[in-house]
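One gets this note's numbering by counting positions in the sequence shown from 1 and adding 19 to each.
The C-beta atom is built at its ideal place from N, Cα and C for all residues, glycine as well.
The structure under discussion appears below in the form of structure tokens.
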Amino acid sequence: MTAEDIMLFEIELLELLKKVIDPEIEINIVDMGLIYNLTYDGEGIVNIDLTFSTPSCPLGDTIMTNIRETINQKYPDFIVSIDLTFEPKWTPAMISDDGRKMLG
């Protein structure tokens, strides 16, 4: 894959992850701004830097499981590595314009 192919595939993966909904706020994790970074190595490994709206998120494990399952449904041989971070701290300002529309 070329660098451009990888970039386009990363965008595709982000679109795919819009199927993963934050169960408390009911907005997808991409538009919530919970994914700080997503990279694909071109050989089946996806690395995601993820945060939660609060460090004590009671459904954090569910969200991470849903991320892995969503990617592996379409790409069953992929390895999905999730690094949980709280730096920078998530704020509502990180919600995308589309996410704000979903909130009403």
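List the DSSP bridge partners of residue i.
i	result
I40	N47
D96	Answer is none; D96 lacks a bridge partner.
Name the two residues that bound the continuous alpha helix (DSSP H) containing residue i.
i	result
R24	At residue 24 the sequence reads Asp, which differs from the Arg that was named. Counting along the chain, the alpha helix (DSSP H) containing D24 begins and ends at 22-35.
K108	Run containing K108: none; DSSP gives neither H nor E here.
Just to confirm the assignment, what range does the beta strand (DSSP E) spanning residue i have?
i	result
L57	54-59
L69	64-69
Suppose you measure from the CA of residue i to the CA of residue j; what does that come to, to the nearest Å?
i	j	result
I98	P111	30 angstroms
S187	M26	Residue numbering for the chain in the displayed model covers 20 to 123; residue 187 lies beyond these limits and cannot be assessed.
N66	Y59	6 angstroms
D41	M113	14 angstroms
E116	T81	In the sequence as presented, Glu is not what sits at residue 116; that position holds Asp. Near 25 angstroms, if we compare the C-alpha coordinates of T81 and D116.
L53	W109	7 angstroms
Taking 8 angstroms as the cut-off, decide whether the C-beta atoms of residue i and residue j are in contact.
i	j	result
L36	I48	yes
E130	L78	Nothing about residue 130 can be read from this structure; the chain reaches only from 20 to 123.
Would you mind working out which of the options sits nearest residue i, comparing C-alpha positions?
i	options	result
F71	Y94, L57, P107, N91	P107
V39	T89, P74, L78, E29	T89
Y55	L103, G118, I64	L103
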